[in-house]
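What follows is a single structure, written as structure tokens, with notes after it.
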Amino acid sequence: MPFSFHLEHRDGGTAARAGRITTAHGEVLTPAFMPVGTVGSVKTLAPDDLVEAGCDVLLGNTYHLSLRPGVETVAALGGLHRFMGWSGSILTDSGGFQVMSLTEFNKVTEDGVEFRSHLDGSKHFLTPEKAMRIQDGLGTDIAMSFDQLVELPAPAETVRDAVDRTLRWARRGLEERERLRGEGRGTMALFGINQGGTDAAERARCFAELGGMPFDGFALGGLWVGEGRRLGLEMVERDCAAFPEDRPRYLMGVGHPVDVLEAVARGVDMMDCVLPTRNARRGTVFVSTGRLVIRNAAYARDARPLDPECGCPTCRGFSRAYLRHLFVSNELLGMRLASVHAVHQILSLVRRARAAIAAGTFAAFRSEFLDRFHSNETLVRAAS
Ligand SMILES: [Zn+2]
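Rendered as structure tokens:
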């Protein structure tokens, strides 16, 4: 199978690590951040923009793509890579998160989740087996196990039942991949998802079983859903300590620079989030000194780039004043230029973290980045 993970460096002072994932579509250097291409596009960006930013892996959404244009259409056009013109690696989610969070009607049974499409209200039924077949049909490099998400806070019994069902569904997904392989398909890697919310004992109980299953990697699920950074990071630390060294660890839904760096320090290898690009389209970007609100009147005649320390095409070519003008005038180019910077900023952060881990200087890198990042945040906010 064309998937492998090699751990290359371990930081001496923290649990941070640097590695290399190989898929049929190339290498993914870890720690890695995956921009989110929800419906087969990272909004406003073309594949070349992502390559230029150093992106080697994208996330695609099974739920969205299976409803529109549909997996048969994507498969008929050569799979998701060819359909969207992306030659790097792709990880797809299982659709579980979206069917629980985006649909107005959804019903969980032992067999799967029944839901109505947010597009036209049509009825669908997603099961662990279907989630595998759809991801295989899209031609993903890394598929995710179909899990049951619980909205927190929830009674302990609800969390326990969801963990048990997630484990049964995890097994069914693995079995379906075996069936696909029997049909000459199913070459994708498959990651299991650890659940249990913020209940440390439930997460440990979940992984005691999940960890024994032949997954190619493990994800930390059910976190960054409103529990707060301190508790979220505590769960990350516990999960990573339990996860095996030789397989990649993926923290789902994390994209704030501070969270990304703190998760890396605790042993996370991969992350994804719509936050950097969604914020950018709304006119807020992260820069090395914190958060910058582009529409801020203080930038009306500011000739400096968004971030003087950033080497992205937006920061090389355009001023804050121009970007502010574009946003105030509702020009689409504003969203695009801000998105270019946002993707560069977060990918540059994980790339520099990786270099620091390899050089044995991660602790210093982390504290310098955080000091600098917090230096101006309140100032920018105060001025807006
Ligand atoms: Zn930039």
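Just add 62 to wherever you are in the sequence shown, counting from 1, and you've got the numbering used here.
C-beta atoms are modelled at their ideal positions from N, C-alpha and C, and glycine is treated no differently.
Here the structure is a predicted model, which is why all the values come from computation and not from measurement.
Boundaries of the alpha helix (DSSP H) in which residue i is found, first to last residue
i: LEU200; result: 190-200
i: ILE408; result: 394-421
i: PHE277; result: First-last for PHE277: undefined, no H or E at that position.
i: GLY235; result: 218-244
i: SER156; result: Premise fails: SER156 is in no alpha helix (DSSP H) and is neither H nor E.
i: THR124; result: 124-129
i: ASN341; result: 337-343
i: MET146; result: 142-146
Proximity test, residue i beta-carbon vs ligand 1 heavy atom, cut-off 8 Å
i: VAL402; result: yes
i: LEU368; result: yes
i: CYS372; result: yes
i: CYS377; result: yes
i: HIS406; result: yes
Endpoints, the beta strand (DSSP E) within which residue i is located
i: ASP334; result: 332-334
i: GLU172; result: Per DSSP, GLU172 belongs to no beta strand (DSSP E) and is neither H nor E.
i: VAL316; result: Counting along the chain, VAL316 falls outside any beta strand (DSSP E), and DSSP gives it neither H nor E.
i: GLU89; result: 88-92
i: GLU70; result: 66-72
i: VAL349; result: 346-349
i: ALA251; result: 251-256
Pick from the options that is closest to residue i, judged by C-alpha positions
i: GLU172; options: VAL221, ARG230, ARG428 and ALA205; result: ARG230
i: PRO217; options: GLY258, GLY317 and PHE177; result: GLY258
i: LEU285; options: HIS387, GLU240, LEU313 and GLU307; result: LEU313
i: GLY75; options: ALA426, LEU388, ARG82 and ALA205; result: ALA426
i: LYS105; options: SER429, GLU430, ALA404 and ALA421; result: ALA404
i: PHE149; options: LEU112, LEU395 and PHE305; result: For the record, residue 149 in the displayed sequence is Ser; it is not Phe. The option with the nearest alpha carbon to SER149 is LEU112.
i: ASP301; options: HIS387, CYS268 and ALA362; result: CYS268
i: PRO276; options: ASP308, ALA266, LEU293 and VAL287; result: ASP308
i: LEU120; options: GLY345, GLY183 and THR202; result: THR202
i: SER437; options: ALA303, THR260 and ARG353; result: ARG353
i: GLY283; options: ASP209, SER179 and ARG414; result: ASP209
Inter-residue CB distance, residue i and residue j (contact presumed, cutoff 8 Å)
i: ASP351; j: ARG434; result: Checking the sequence shown, residue 351 turns out to be Thr, not Asp. Between ARG434 and THR351 the Cβ distance is about 6 Å, and since that is below 8 Å, they are a contact.
i: GLU289; j: LEU214; result: 7 Å
i: VAL326; j: PRO93; result: 5 Å
i: THR84; j: SER66; result: 5 Å
i: LEU133; j: LEU200; result: Per the sequence presented here, residue 133 reads as Val, with Leu not at that position. Correct: roughly 6 Å between the Cβ atoms.
i: ILE408; j: PRO310; result: In fact, because the Cβ distance is near 18 Å, the residues do not count as touching under 8 Å.
i: PRO370; j: SER381; result: Their Cβ separation, rounded to whole angstroms, is 11 Å, which puts PRO370 and SER381 out of contact at 8 Å.
i: GLY157; j: THR135; result: Wrong, their Cβ atoms sit about 17 Å apart, outside the cutoff.
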